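Visitor:
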Amino acid sequence: TSSLRNPAYAYSVAGNYNVSLTITDTSGCVNEVVQEVVIAPYPTAYFTLGTASCQNVPVFFNDSSFTTNSLINSWVWNFGDGTPDSIIIAPNSPDIYYMYSESGDFTVSLQAIDTAGCISETFYRYFSVRPTPIAGFMTSDTACQTGIIHFQDTTYHEPGVVGEAWAWDFGDGSFGFSQNPVHSYIQTGQSYDVEMIITDQFGCSDTTTQPVEVKPSMVISFASNIACEGSSTELIANLIQPQNDQVAEW
Numbered sequence: 003t004s005s006l007r008n009p010a011y012a013y014s015v016a017g018n019y020n021v022s023l024t025i026t027d028t029s030g031c032v033n034e035v036v037q038e039v040v041i042a043p044y045p046t047a048y049f050t051l052g053t054a055s056c057q058n059v060p061v062f063f064n065d066s067s068f069t070t071n072s073l074i075n076s077w078v079w080n081f082g083d084g085t086p087d088s089i090i091i092a093p094n095s096p097d098i099y100y101m102y103s104e105s106g107d108f109t110v111s112l113q114a115i116d117t118a119g120c121i122s123e124t125f126y127r128y129f130s131v132r133p134t135p136i137a138g139f140m141t142s143d144t145a146c147q148t149g150i151i152h153f154q155d156t157t158y159h160e161p162g163v164v165g166e167a168w169a170w171d172f173g174d175g176s177f178g179f180s181q182n183p184v185h186s187y188i189q190t191g192q193s194y195d196v197e198m199i200i201t202d203q204f205g206c207s208d209t210t211t212q213p214v215e216v217k218p219s220m221v222i223s224f225a226s227n228i229a230c231e232g233s234s235t236e237l238i239a240n241l242i243q244p245q246n247d248q249v250a251e252w
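According to the numbering used here, the sequence shown is numbered sequentially starting from 3.
This is how it looks when you write it as C-alpha cells:
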C-alpha cells in the first residue's frame with residue numbers, strides 16, 4: 003500500500019494486477035476505484051547461427067527472439083569485432099548477414115526491445131571464424147613435349163590447415179580436380195586464363211586466375227647456296243617458331 007498521491011511501485015513478477023485507489027476528501031467522503039494494471043514480461047532475445055564460418059564470407063544470423071504481451075520493436079546486434087552495434091527497427095527483418103574481415107573467436111550478442119520499452123537480457127553466442135586460404139599456383143612446361151603443362155599448387159594455409167579439394171579450369175573447356183594436375187593443350191602458341199579454386203578441411207575457399215602461355219610446336223628450316231662440286235656452301239639455319247626462343251645447340 004501507499005499513501006502517496008502518485009506512487010511508483012515495482013512488481014517483481016509479470017502479470018495482471020487489480021490495483022485499488024481510495025480517496026477520502028476533507029469532508030470525510032470516501033470513494034474507491036479498482037483498475038487492472040498490466041505488468042509486461044521482458045522479451046527474450048535468442049538467435050541461431052552456424053558453428054563456424056570463414057573469413058570474408060557472409061554469415062547468416064537468424065533471430066528467434068520472442069515476447070508475450072506485446073511486439074518486439076527493435077533489435078540490437080553486436081558482432082564482437084569492435085564495430086558499432088547494428089540496430090534494426092521493425093518492420094525491418096531482424097535476420098542479418100554479417101561478414102568478418104579477420105579470423106578469430108568472437109562473442110556475438112543480441113538484445114530485444116518491445117513496444118512497451120522493456121529490454122531483454124543480453125543473449126550471447128560464441129563464434130569461430132576460420133582464416134581463408136590464399137590461393138596460388140605455378141606452372142612449367144615439358145621439354146620436347148609441346149602443349150603439356152604441369153600445374154603446382156602453392157596455396158598458403160595457416161599452420162595445421164591443409165587443402166582438401168581443388169577445382170581447375172584450364173581455359174580451353176577442360177577441367178581437373180587433383181592438387182597438381184598435368185594438362186595437355188591441343189591448341190598451342192596462345193595464352194589461356196587458368197582458374198584454380200582451393201578448399202580447405204574447414205570448407206574455406208579462395209580462387210585465383212592466372213594467364214598461362216603455351217608455346218607453339220618447334221618449326222625449323224635452313225637455306226643453302228648453290229655451289230660447284232668441291233666448293234663449300236653456306237648453310238643458314240632458321241628457327242621459325244617459337245619466336246625469340248633460345249637455342250642451346252645447332
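Glycine included, each C-beta is placed from N, C-alpha and C at the ideal position.
Owing to the predicted nature of the structure, the values given are computational and were not obtained by experimental measurement.
Which value, in whole angstroms, describes the spacing of the CA atoms of Phe125 and Thr50?
Guide: Going from the Cα of Phe125 to the Cα of Thr50 covers about 11 Å.
Visitor: Quick one: measure Cβ to Cβ for Ser122 and Tyr13, integer angstroms, because I've assumed they're closer than 8 Å.
Guide: In fact, because the Cβ distance is near 17 Å, the residues do not count as touching under 8 Å.
Visitor: Kindly give me the distance between the Cβ atoms of Ile89 and Val78, rounded to whole angstroms, as I take these residues to be in contact under 8 Å.
Guide: Rounded, the Cβ-Cβ distance is 5 Å, consistent with contact.
Visitor: Go ahead and label Ile222 buried or exposed: buried means 16 or more other beta carbons lie within 10 angstroms of its beta carbon, across all protein chains shown.
Guide: Exposed, because fewer than 16 other Cβ atoms sit within 10 Å of the Cβ of Ile222.
Visitor: Per DSSP, what are the beta-bridge partners of Leu23 in this structure?
Guide: Val35.
Visitor: Since Thr190 and Val164 should fall inside the 8 Å C-beta cutoff, what is the C-beta to C-beta distance between them, to a whole number of angstroms?
Guide: Thr190 to Val164, Cβ: 34 Å. No contact.
Visitor: What are the start and end residues of the beta strand (DSSP E) that includes Asn64?
Guide: Residues 61-65.
Visitor: What is the rounded straight-line gap between the Cα of Thr109 and the Cα of Thr117?
Guide: Going by the C-alpha atoms only, they are around 27 Å apart.
Visitor: Can you list, in chain order, the residues of its chain whose CB lies under 8 Å from that of Gln154, leaving out five sequence neighbours each side?
Guide: Cβ neighbours of Gln154 beyond the five flanking positions: Phe139, Met140, Thr141, Ser142, Asn182.
Visitor: Buried or exposed: His185, going by 16 or more other Cβ atoms within 10 Å of its Cβ?
Guide: Under this definition His185 is a buried residue.
Visitor: Considering only residues of the same chain and omitting the five flanking positions on each side of Thr28, which have a CB-CB separation below 7 Å?
Guide: Same-chain partners within the cutoff: there are none.
Visitor: I need the straight-line Cα distance from Tyr11 to Ser72, nearest angstrom please.
Guide: Distance between the alpha carbons of Tyr11 and Ser72: 21 Å.
Visitor: Report the option in Val35, Tyr128, Gly162 whose CA atom is closest to the CA atom of Phe81.
Guide: Checking every option, the nearest Cα to that of Phe81 belongs to Tyr128.
Visitor: From the DSSP secondary-structure annotation, give me the bridge partner or partners of Glu197.
Guide: Bridge partners of Glu197: Asp171, Thr211.
Visitor: Is the beta carbon of Ile253 sitting closer than 9 Å to the one on Val32?
Guide: Missing from the structure shown is residue 253; the chain here goes from 3 to 252 and no further.
Visitor: Rounded to whole angstroms, what is the Cα-Cα separation between Glu34 and Ser22?
Guide: Computed Cα separation, rounded: 7 Å.
Visitor: Does DSSP put His185 in a helix, in a strand, or in coil?
Guide: Residue state, collapsed to three classes: strand.
Visitor: On the premise that Arg132 lies in contact with Phe204, defined as a C-beta separation below 8 Å, what is that separation, rounded to the nearest angstrom?
Guide: With a Cβ gap of about 5 Å, Phe204 and Arg132 count as contacting.
Visitor: Taking DSSP as the reference, what is the three-state secondary structure of Val166?
Guide: A small fix is needed here, since residue 166 is Glu in this sequence, not Val. It is a strand residue.
Visitor: Once you ignore the five residues that flank Asp87 on each side, which residues in its own chain have a CB closer than 8 Å to its CB?
Guide: Contacts found: Val78, Trp79, Asn80.
Visitor: Quick one: give me the first and last residue of the beta strand (DSSP E) that Asn80 is part of.
Guide: Run containing Asn80: 74-80, per the beta strand (DSSP E) assignment.
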